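Since the structure comes first, as structure tokens, the remarks are kept for the end.
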Amino acid sequence: MKRVLSLSLVRVGLILMFAGASYVKAAANLALVARPSTSYVSGDCSVAALNDGSDHRNSRDRRAGAYGNWNGTGTQWVQYDWTQAISTDKMELYWWDDRQGVRLPSAARLLYWDGSAFVPVKTQETLAVTGDKYNSLSFEEVTTSRLKLEIDSDGTSSTGILEWRVYDSGKSPAFPPDVSAGEDRTVVLGGKTYLSGNVKTLDGQGGESTPMLWSKASGPGWVTLDDPAASVTTAAFSAVGDYVLQLTAGRDGLTDTDYVTVKVVDTPPKEQLTLIDTKAYQLNSPLWDKRARAIIVNWIPHVINKINDPNLREGGINNFIDAANKLQGKPAGSHRGPVFSNAWIYNTIESICIALMVDPQGDAQIIKAHALMKDTLEDWIPKILAAQESDGYLQTLYTLTDRERWSPKHRSDHEGYVAGYYLEAAVSHYMLTEGKDLRLYNSAKRLADCWEGQIGPPPKQEWFDGHQAMEMALVRFGRFVNKIDGRKKGDKYIQLGKFLLDCRKDGHSYDQSHVPVIRQYEALGHAVRASYNYAAMSDVAM
């Protein structure tokens, strides 16, 4: 049942809910209620991962998040601060090692705040730097409000931590829970915002065992909360303006409160932004003329030559030739380059198409480059089409390795990322030829149909790709198909793009799959993936 809360109701509720006793059990993990900080954290990591209470399968398991300081080297530090002094004589640490830029440290040491400076704890042990396990350190009991861990890298790599636990020695005071109300956000009037409170307690149970209550602290109108006593709930607002909501949790006087600001804006106008399709154009700009000319005359021809290299180990047109040979029962080589190597061929095709729309205005070098680009399209397109499987599927990595399609174990293999770029390239080629050459356009429809035939609501399968691109490409392609073919023939592609977005959940913040996209209020993870994710969401909304 939905309820509209006022501050007076909140006060009554808190008095009733926060009765009972709280205490610290011996050997409780005091880190859960500490405030973490660091000398440096990389953009795709967070100090909050240090004490989030998560467990890990191995040192590469960063699904729940990780602290890392890439691309720093040398000595870095992480620190815990408590609101009151704790007593401890033991800690455990799980190192992060991604086998790439973040490796196990060469050494680490624990220091505590003695009231005037950080000094080493007294111990007969050395903190181990072993992967795939918790490394424990016992030391003489200290009473302090701060602990600092200094970490020495191997000199070339960065370092990281998955979890850092600090255990009570039996003399620490009781602590209130650590409450987080979530990120500030904006919501459209008439919509709702998803509140996801996080409560950490010394018993490790968090919100499962701790009474809590959401309420309105300030704002111009009413706030309707679906379930004020749940950590995860929704809120709707009656008027435009700035609101502050609060989440209070705890018992027996040991409570903590955190706040989230919600800006409620009016509904957008019905008239929305529309895409402007590229067509033949001239460049007459002091800013862009020389830059565009350099790309057309120098850069794109350089890329074409690289991609045409039959021995290109990074993967070029050679992968398409091998995939076509395999489909025809001929001898074929192994796939070359990273899993996404097809993408730069498609990106180059799109660039060629846009470059060919530029009026050379008599420039001999641009005319020469244009001739090379036209010859390249005539060379590449048949080779790409020959690598497309009979059901429309197209990605040379999967064809050459017989890899299972749309499999969670291959989620990081850029399956949709590559496919999305192909759809974009096909649209650009159609615009270049003004629909006179339908080879790539029809091929792209076959690829999109292959995806749409397998992915969707039951009985089809759920799926999301580790690297976004297919989502926004499907919306773009669907709109273009509607424009060219009419009769809403592209709607199914737009719906598939939305479905792929809606499938993002129970994953990792690195690829924006940690919670459903409509519940994400903070830009997290890989910047390109995040940008593609938000662009696709905007496309769907429009």
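For the sequence shown, position 363 matches number 1487 in this note's numbering, and the numbering has no gaps at all.
Quick reminder that beta carbons are idealized off the backbone N, C-alpha and C, glycines included.
For clarity, every value in this text was computed on a predicted model and none was experimentally measured.
(Q) I'd like the list of long-range same chain contacts for Ser1333, defined as Cβ closer than 6 Å, with 5 residues on each side in sequence excluded. (A) On the sequence shown, position 209 is the one that residue 1333 refers to. None.
Q: Give the DSSP-derived three-state secondary structure of Tyr1656 in the structure shown.
A: The residue you call residue 1656 lines up with position 532 of the sequence shown. Three-state result, Tyr1656: helix.
(Q) Here's the rule I'm using: 16 or more other beta-carbon atoms within 10 Å means buried, otherwise exposed. How should Thr1379 be labelled? (A) Here residue 1379 is taken as the residue at index 255 of the sequence shown, counted from 1. It counts as buried.
Q. Below 8 Å, can you find three or more Cβ-Cβ pairs linking the segment 1445-1456 to the segment 1505-1515?
A. yes
Q: Might you give, ordered along the chain, the residues of its own chain that have their beta carbon closer than 6 Å to the beta carbon of Ala1544, omitting 5 neighbours on each side?
A: The residue labelled residue 1544 in the question sits at position 420 within the sequence shown. Residue identity differs from the one stated: residue 1544 is Gly in this sequence, not Ala. Answer for Gly1544: Ala1593, Met1594, Ala1597, listed in chain order.
**Q.** DSSP bridge partner residues for Ser1339 (one or two, in chain order)
**A.** Here residue 1339 is taken as the residue at index 215 of the sequence shown, counted from 1. Its beta-bridge partners are Gln1370.
Q) Exposed or buried, what is Met1215 when buried is set at 16 or more other beta-carbons lying within 10 Å of its beta-carbon? A) Counting from 1 along the sequence shown, the entry for residue 1215 is found at position 91. Met1215 comes out buried.
Q. Going by the beta-carbon positions, is the gap between Gln1200 and Ile1285 smaller than 8 Å?
A. Residue mapping note: residue 1200 aligns to position 76 of the sequence shown, counting from 1. Residue mapping note: residue 1285 aligns to position 161 of the sequence shown, counting from 1. Not in contact: Gln1200 and Ile1285 (Cβ atoms no closer than 8 Å).
Q: Could you please give the first and the last residue of the uninterrupted alpha helix (DSSP H) stretch that includes Ile1441?
A: Against the sequence shown, residue 1441 aligns to sequence position 317. Start and end: 1441-1451.
**Q.** One or two residues paired with Gly1284 in a DSSP bridge
**A.** Along the sequence shown, one-based indexing puts residue 1284 at 160. Note: Gly1284 sits in a beta bridge opposite Gly1192.
(Q) Going by C-alpha to C-alpha distance, which of Pro1532, Asn1566, Asp1573 sits closest to Gly1631? (A) Translated into positions along the sequence shown, residue 1631 becomes position 507. It is Pro1532 whose Cα lies nearest to the Cα of Gly1631.
Q | Secondary structure of Ala1423, DSSP reduced to three states | A | For this step, residue 1423 is matched to residue 299 along the sequence shown. Reading off the sequence shown, one finds Trp at residue 1423, where the question assumed Ala. Helix at Trp1423.
Q. Taking Glu1438 as the reference, which of Asn1408, Val1421, Gln1519, Asn1466 has the closest Cα?
A. Here the question's residue 1438 lines up with position 314 in the sequence shown. Comparing Cα positions, the closest option is Asn1466.
Q: Mind checking who Tyr1383 pairs with in its DSSP beta bridge?
A: Here residue 1383 corresponds to residue number 259 of the sequence shown, with the count starting at 1. Paired residue(s): Gln1370.
Q. Can you pull the DSSP bridge partners for Ser1260?
A. Indexing the sequence shown from 1 puts residue 1260 at position 136. Partner(s): Glu1216.
Q) Leaving out five residues before and five after Ile1505 in sequence, what residues of the same chain have Cβ atoms less than 7 Å from its Cβ? A) Taking the sequence shown and counting its residues from 1, one reaches residue 1505 at position 381. Cβ neighbours of Ile1505 beyond the five flanking positions: Arg1563, Leu1564.
Q: Please confirm whether Lys1296 and Val1226 have their CB atoms less than 8 Å apart.
A: Taking the sequence shown and counting its residues from 1, one reaches residue 1296 at position 172. Taking the sequence shown and counting its residues from 1, one reaches residue 1226 at position 102. Reading off the sequence, residue 1296 comes out as Ser, not Lys. The answer is no: Cβ separation not under 8 Å.
Q) Just curious, the beta strand (DSSP E) that Arg1159 is in, first and last residue? A) Along the sequence shown, read from residue 1 onward, the residue named residue 1159 stands at position 35. 1159-1162 is the span of the beta strand (DSSP E), which, as asked, contains Arg1159.
Q) Since Trp1237 is in the beta strand (DSSP E), which residue starts that stretch and which ends it? A) Position 113 of the sequence shown, counted from the start, is the residue given in the question as residue 1237. 1231-1237 is the extent of the beta strand (DSSP E) around Trp1237.
Q: Buried or exposed for Val1389, please, with buried defined as at least 16 other CB atoms from any protein chain shown within 10 angstroms of its CB.
A: On the sequence shown, position 265 is the one that residue 1389 refers to. Looking at its Cβ environment, which holds fewer than 16 other Cβ atoms inside 10 Å, Val1389 is exposed.
**Q.** Minimum length 4: unbroken alpha helix (DSSP H) runs contained in the segment 1484-1562
**A.** 1488-1510, 1520-1525, 1539-1557
Q | Backbone CA spacing between Ala1363 and Trp1346 [nearest angstrom] | A | As a working mapping, residue 1363 is identified with position 239 in the sequence shown. As a working mapping, residue 1346 is identified with position 222 in the sequence shown. So the two alpha carbons sit approximately 7 Å from each other.
Q) How big is the Cα-Cα spacing for Arg1223 and Ala1341? A) Taking the first residue of the sequence shown as 1, we reach residue 1223 at position 99. Taking the first residue of the sequence shown as 1, we reach residue 1341 at position 217. Roughly 47 Å between the two C-alpha positions.
**Q.** Alpha-carbon to alpha-carbon, Val1356 and Arg1415
**A.** Reading the sequence shown from its first residue, position 291 is the one you call residue 1415. Reading the sequence shown from its first residue, position 232 is the one you call residue 1356. So the two alpha carbons sit approximately 51 Å from each other.
Q) Whose C-alpha, out of Ile1478, Asn1193, Leu1154, is nearest the C-alpha of Ser1277? A) Within the sequence shown, the letter at position 153 stands for residue 1277. If we check each option's Cα against that of Ser1277, Asn1193 comes out closest.
Q.
Using a 10 Å radius around the Cβ and a threshold of 16 neighbouring Cβ atoms, would you call Ala1143 buried or exposed?
A. In the sequence shown, the residue the question calls residue 1143 occupies position 19. Legend: pLDDT at Ala1143 = 40, less than 50; position of this residue unreliable, no value from coordinates given.
Q. Roughly how many angstroms lie between the CA atoms of Cys1627 and Val1421, to the nearest whole one?
A. Counting from 1 along the sequence shown, the entry for residue 1627 is found at position 503. Counting from 1 along the sequence shown, the entry for residue 1421 is found at position 297. Each residue's alpha carbon lies about 43 Å from the other.
Q | Per DSSP, the bridge partner or partners of Phe1242 | A | Here residue 1242 refers to the residue found at position 118 of the sequence shown. Phe1242 pairs with Trp1237.
Q: Taking 8 Å as the cut-off, decide whether the C-beta atoms of Lys1591 and Cys1477 are in contact.
A: The count along the sequence shown starts at 1 and reaches residue 1591 at position 467. The count along the sequence shown starts at 1 and reaches residue 1477 at position 353. With the sequence shown as reference, residue 1591 is identified as His, and Lys is not the correct amino acid for it. Not closer than 8 Å, so no.
Q) Which residue spans inside the segment 1582-1645 form an unbroken alpha helix (DSSP H) run of at least 4? A) 1594-1609, 1615-1626
Q: Going by CA-CA distance only, name the one from Lys1394, Leu1156, Thr1381, Ala1188 that's closest to Asp1292.
A: For the purposes of this step, residue 1292 is identified with residue 168 of the sequence shown, where counting begins at 1. Here the closest residue by C-alpha is Leu1156.
Q) Across which residues does DSSP place Ile1579 in a beta bridge pair? A) Translated into positions along the sequence shown, residue 1579 becomes position 455. Paired residue(s): Gln1585.
Q. What residue from Pro1582, Trp1338, Asp1176 has the CA that sits closest to Asp1327's CA?
A. Indexing the sequence shown from 1 puts residue 1327 at position 203. Of Pro1582, Trp1338, Asp1176, the residue nearest in Cα terms is Asp1176.
Q) Considering Asp1413, what are the terminal residues of the alpha helix (DSSP H) in which it resides? A) Walking along the sequence shown from the start, residue 1413 turns up at place 289. Taken as a continuous stretch (DSSP letters only), the alpha helix (DSSP H) holding Asp1413 covers 1413-1418.
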